[in-house]
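Q:
Protein chains: 2
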Amino acid sequence: MEAPYIVIIATGSEITAGRSLDTNSGWMANQLFELGWKVKKIIALPDDPDLILSELQILKKLSESRPVLALMTGGLGPTEDDYTLETVLKLSGKKSYSVEKAKIRLQRIYESRGKQYSDILPTVIRQTHVPEDCKTLDNSVGIAVGFMESIGVDSYLVCMPGVPSEMKEMFTRRLTPELKRIYPRENLVQKTKWLWNIGESLYQKDFVETHREELFEGVEWGVTANRGYIKCIFQSTDSNKLETVVAALESQYPKIISDDVFTFVHEELISKKLTIAVGESCTGGLLGKKLTDPPGSSSYFIGGFLTYSNDLKQSLLGVSKDTLDQFGAVSKETAIAMAKGISEKTKADYSISITGIAGPDGGSDEKPVGTVWIGIKSSDGSIESHSYLFPGNRESIRENASNTALFLIYQSLKQRKV
Amino acid sequence: MEAPYIVIIATGSEITAGRSLDTNSGWMANQLFELGWKVKKIIALPDDPDLILSELQILKKLSESRPVLALMTGGLGPTEDDYTLETVLKLSGKKSYSVEKAKIRLQRIYESRGKQYSDILPTVIRQTHVPEDCKTLDNSVGIAVGFMESIGVDSYLVCMPGVPSEMKEMFTRRLTPELKRIYPRENLVQKTKWLWNIGESLYQKDFVETHREELFEGVEWGVTANRGYIKCIFQSTDSNKLETVVAALESQYPKIISDDVFTFVHEELISKKLTIAVGESCTGGLLGKKLTDPPGSSSYFIGGFLTYSNDLKQSLLGVSKDTLDQFGAVSKETAIAMAKGISEKTKADYSISITGIAGPDGGSDEKPVGTVWIGIKSSDGSIESHSYLFPGNRESIRENASNTALFLIYQSLKQRKV
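Quick note, the sequences are listed as chains A and B, same order.
Those letters in the first sequence? Residues 1 to 418, by full-length UniProt numbering.
Those letters in the second sequence? Residues 1 to 418, by full-length UniProt numbering.
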């Protein structure tokens, strides 16, 4: 069988009106990519049954010439702008029925809240309905049942809830096994490396163009720009070729290369039983937030200080008035004094300080907006500081600064290992 | 003229492979909505010239029967997977030329970095190219020039860079005036209110269904679920009708209704010259981050404490060992002691503490995952605390907790006004 033509559809007027960001489609695309399938198109449509139906008819038509897999999220909720079931019934000419198992589950949920079945609103019961003769996809998180409707030879329309936690569980546990059973997959291997503070064009010129003939035959490459780093992605059916490319990349950029720093820092701090504390000025808590995103971070993150004002830099972290007056709040000396203060107050193995000018105001000729100093006290007691001039707006500068702080922790942990 | 059929297209394999989230399309959709136009479809396509061309051909065809406006971002960069210009030339059968003004600008940028024109890579110069006989859209942030190509009667394909800061500036300053000149707009008025800790279904049943006949003739409504709150949106061509709906909503939900709390808290703290400080446990910095997102937050946010560990709750905020032993870290008593500690150490007018169980571990029968206590010391010296049981996963609980903390600040500031 030919690889399926995969289309992801998100429905919701809140998406097409720009009030809400569709994160489901990207998540699914990534999952599919890792499973060996490529998405041809991602579509978002308003809650308009005519527009949705006409899009589904195009896909049904397309399935006459090749296998089509359409994955649709949203529109299975209880409100009147939820049109998915109705539209699919129109497309197929079928009727719907209420899935017994889902009805029982709904009843139990209501009983556990001390309510009766008769309390359940009809609009809520509608969420247990699916078209006749389709494959149902159980929802173990929420109420709405998903389903997989045949729309042609080897072609399916999959409908799932728009609530991310429900969709993800359904996709992973119910849908993925079905898709693996039905569709052939490409046996691609992928490697990703991160390079810090380098532009995409320069990377392409200096690495990809330079090594094109010797390294890139049978290897696809891609690059995505992120805040502070670019992700260099390589794919091939030949894992040896990938190893060679990555080795060349490592030898060309030894000082700015890393793996996923978020994952590494998290795992390394846990496995080495090390602790970390922060002191943030311009990032206002963003570094602490990033360090505590993963479950289990309480085993290393003990806390820290948000010293946005100069008064708090003095009273909480013991930065001297002299240092602030002489060198300014955004300086090597302040970054180092902050790192020392964090370490003294928390006794953490690693202490990271960030002080900078996130803008849009507060810049000068000498210290323009984007100037950031990061101090790091490592587990061996040494204190380093690094200065940066990050590009972009306030949000970009704050993201750059906190990501780069994680890269510095990464490097310090790596050196520790050796 | 009929309203244009608006399609937004984002190109980029990083989007269709799920490695990067398309935030441009939603931003544009929102801008267009506020200008009085509705988007019919948002599409993301991989960097595949054939797929892009075939999509553009469909839109060109559609423009034979009605005005079409296609807004495309991405693919104008310097790397070899940037296909936009090439594809548009194929669609139109035109040639391209380098825009003189953009070339001079590029030269100045290079000179300001101490480089010569001859240093500029040809791939970078390519970014100054546009199709012949099109309307160019200057880029005052980056290098790539945007353009607006006629694809039929009253129909245009607009190509803009994928870098958000470049696209936004170009959209607002260059494109919007053109669109206003060309297309008629719907004169819709919109009102948005937020309701806290209530589900969409219940809102629909209790408010929309109940008042449908008396309130909703000529008024469209929509609702989006967010972390901690739902946004209730109403639209009409008649602003009096909107006022009536909003008044009814306020009278039905006086205790849980708010405007955009992020904007209100920011503006109110600035205009009343009040200061705020935080003490965060389970949110790890997220509340501080949210408070410092907007420029100008340094006039009210003085800083705070990330007391993730119990040791730091004691040593930094003076929460007593007795309190922690007797009531636990997640308790009314600890939340209040934290708020007191923040206030004493920072002298801020408002002190907010958050302590909770973000999970997935650490829950118990008595205090399940999602249990969060928030303490707030207001400018009049009073201290309150509130407990919540937030739904969802770790990320959801942290978002819920920090948003709800902002709602509590909102309420306290509102009461202060009276």
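Glycine residues also receive a C-beta, built at the ideal position from the N, C-alpha and C atoms.
Exposed or buried, which one is residue 104 of chain A when buried takes at least 16 other CB atoms within 10 Å?
A: Exposed, since its Cβ has fewer than 16 Cβ neighbours within 10 Å.
Q: With a threshold of 16 other CB atoms inside 10 Å of the CB of residue 380 of chain A, please say whether the residue is buried or exposed.
A: Classification for residue 380 of chain A: exposed.
Q: Are the C-beta atoms of residue 335 of chain B and some chain A residue less than 8 Å apart?
A: Output row for residue 335 of chain B: interface = no.
Q: Exposed or buried, what is residue 50 of chain B when buried is set at 16 or more other beta-carbons lying within 10 Å of its beta-carbon?
A: Looking at its Cβ environment, which holds fewer than 16 other Cβ atoms inside 10 Å, residue 50 of chain B is exposed.
Q: I need the boundaries of the beta strand (DSSP E) containing residue 190 of chain A, first residue and last residue.
A: Here the beta strand (DSSP E) through residue 190 of chain A covers 189-196.
Q: For my contact list, residue 145 of chain A and residue 138 of chain A are in at a C-beta cut-off of 8 Å; report their separation, rounded to the angstrom.
A: The pair is a contact, with the Cβ atoms about 7 Å apart (cut-off 8 Å).
Q: Under the rule that 16 or more other beta-carbon atoms within 10 Å means buried, what is residue 290 of chain A, buried or exposed?
A: Classification of residue 290 of chain A: buried, given that the 10 Å Cβ count is 16 or more.
Q: In chain B, what lies closer than 8 Å to residue 128 of chain A by C-beta?
A: Under the 8 Å cutoff, chain B gives no residues; its nearest Cβ is about 14 Å from residue 128 of chain A.
Q: Near residue 42 of chain B, what residues of its chain come up, given a Cβ to Cβ distance below 6 Å and the 5 sequence neighbours on each side ignored?
A: Correct list, in chain order: 8 and 25.
Q: Could you give the distance in angstroms between the alpha-carbon of residue 17 of chain B and the alpha-carbon of residue 185 of chain A?
A: The alpha-carbon atoms of residue 17 of chain B and residue 185 of chain A are separated by roughly 15 Å.
Q: Using the beta-carbon of each residue, which ones in chain B are nearer than 9 Å to residue 359 of chain A?
A: Going along chain B in sequence order, the residues near residue 359 of chain A (Cβ under 9 Å) are 295.
Q: How would you list, in chain order, the residues of chain B whose beta-carbon sits under 8 Å from the beta-carbon of residue 393 of chain A?
A: Those are 165, listed as they occur along chain B.
Q: Out of A:165, A:232 and A:206, which one is the CA nearest neighbour of residue 195 of chain A?
A: Nearest of A:165, A:232 and A:206 to residue 195 of chain A, Cα basis: A:232.
Q: In the stretch 4-36 of chain B, which residues sit with their C-beta less than 8 Å from some C-beta in chain A, listed in chain order?
A: Residues passing the 8 Å Cβ filter: 13, 14, 15, 16, 17, 18, 19, 20, 21, 22, 23, 25, 26, 27, 28, 29, 30, 31, 32 and 33.
Q: Which of the residues in the stretch 303-318 of chain B, read from start to end, lie with their CB under 9 Å from any CB of chain A?
A: The residues in question are 303, 304, 305, 306, 307, 308, 309, 311, 312, 313, 315 and 316.
Q: Rounded to the nearest angstrom, what separates residue 81 of chain A and residue 208 of chain B at their Cα positions?
A: The straight-line gap from Cα to Cα measures roughly 12 Å.
Q: If we ignore side chains and look at the alpha-carbon of each, how far apart do residue 86 of chain B and residue 76 of chain B end up?
A: When rounded, the distance between both Cα atoms is 10 Å.
Q: Looking at C-alpha atoms only, which residue of B:125, B:151 and B:297 is the closest neighbour of residue 201 of chain A?
A: Closest option to residue 201 of chain A, Cα to Cα, is B:125.
Q: Who are the neighbours of residue 137 of chain A on chain B, taking C-beta pairs under 7 Å?
A: Result: empty, since nearest Cβ-Cβ is about 20 Å, beyond 7 Å.
Q: Who are the neighbours of residue 79 of chain B on chain A, taking C-beta pairs under 8 Å?
A: Those are 200, 201, 204 and 223, listed as they occur along chain A.
Q: Just to make sure I have the definition right: I need the residues of chain E whose C-beta is within less than 7 Å of the C-beta of residue 286 of chain A. Which are they?
A: Chain labels in this structure do not include chain E; the protein chains are A and B.
Q: Please report the Cβ distance between residue 128 of chain B and residue 204 of chain A, rounded to the nearest whole angstrom; I am assuming they are in contact, meaning their Cβ atoms lie under 8 Å.
A: With a Cβ gap of about 18 Å, residue 128 of chain B and residue 204 of chain A do not count as contacting.
Q: Distance cutoff 8 Å, beta carbons only. Does residue 405 of chain B sit that close to anything in chain A?
A: Output row for residue 405 of chain B: interface = no.
Q: Run through DSSP, which three-state label would residue 1 of chain B get?
A: Residue 1 of chain B falls in the coil class under three-state DSSP.
Q: Cβ atoms of residue 330 of chain B and residue 371 of chain B: under 8 Å apart, would you say?
A: Yes. Within cutoff.
Q: Cα separation between residue 161 of chain A and residue 388 of chain A?
A: So the two alpha carbons sit approximately 44 Å from each other.
Q: State the start and end residues of the unbroken beta strand (DSSP E) segment that holds residue 376 of chain A.
A: Residue 376 of chain A -> beta strand (DSSP E) spans 371-377.
Q: Counting C-beta neighbours from all protein chains within 10 Å, is the total for residue 350 of chain B 16 or more, i.e. buried, or is it exposed?
A: Result: buried.
Q: Please compile the residues from chain B whose C-beta is within a distance smaller than 7 Å of the C-beta of residue 298 of chain A.
A: The answer, in chain order, is 308.
Q: Among all the DSSP beta bridges, which residues are the ones paired with residue 149 of chain B?
A: Its beta-bridge partners are B:157.
Q: Could you confirm whether any beta carbon from chain A is found closer than 8 Å to the beta carbon of residue 41 of chain B?
A: Chain A contact via Cβ: present.
Q: Based on DSSP bridge pairs, tell me the residues matched to residue 306 of chain A.
A: Partner(s): A:280 and B:304.
Q: Identify, in the order they occur along the chain, each residue of the same chain with its Cβ nearer than 7 Å to the Cβ of residue 60 of chain A, setting aside the five sequence neighbours on each side.
A: Same-chain partners within the cutoff: 91, 151 and 152.
Q: Are residue 156 of chain B and residue 166 of chain B touching if we call contact CB-CB under 8 Å?
A: For residue 156 of chain B and residue 166 of chain B, no; Cβs fall outside 8 Å.
Q: Taking only the alpha-carbon atoms, compute the straight-line gap between residue 415 of chain A and residue 101 of chain B and give it to the nearest angstrom.
A: Those two C-alpha atoms are separated by around 49 Å.
Q: State the Cα-Cα distance for the pair residue 399 of chain A and residue 13 of chain B, rounded to the nearest angstrom.
A: Residue 399 of chain A and residue 13 of chain B: Cα-Cα distance of roughly 23 Å.
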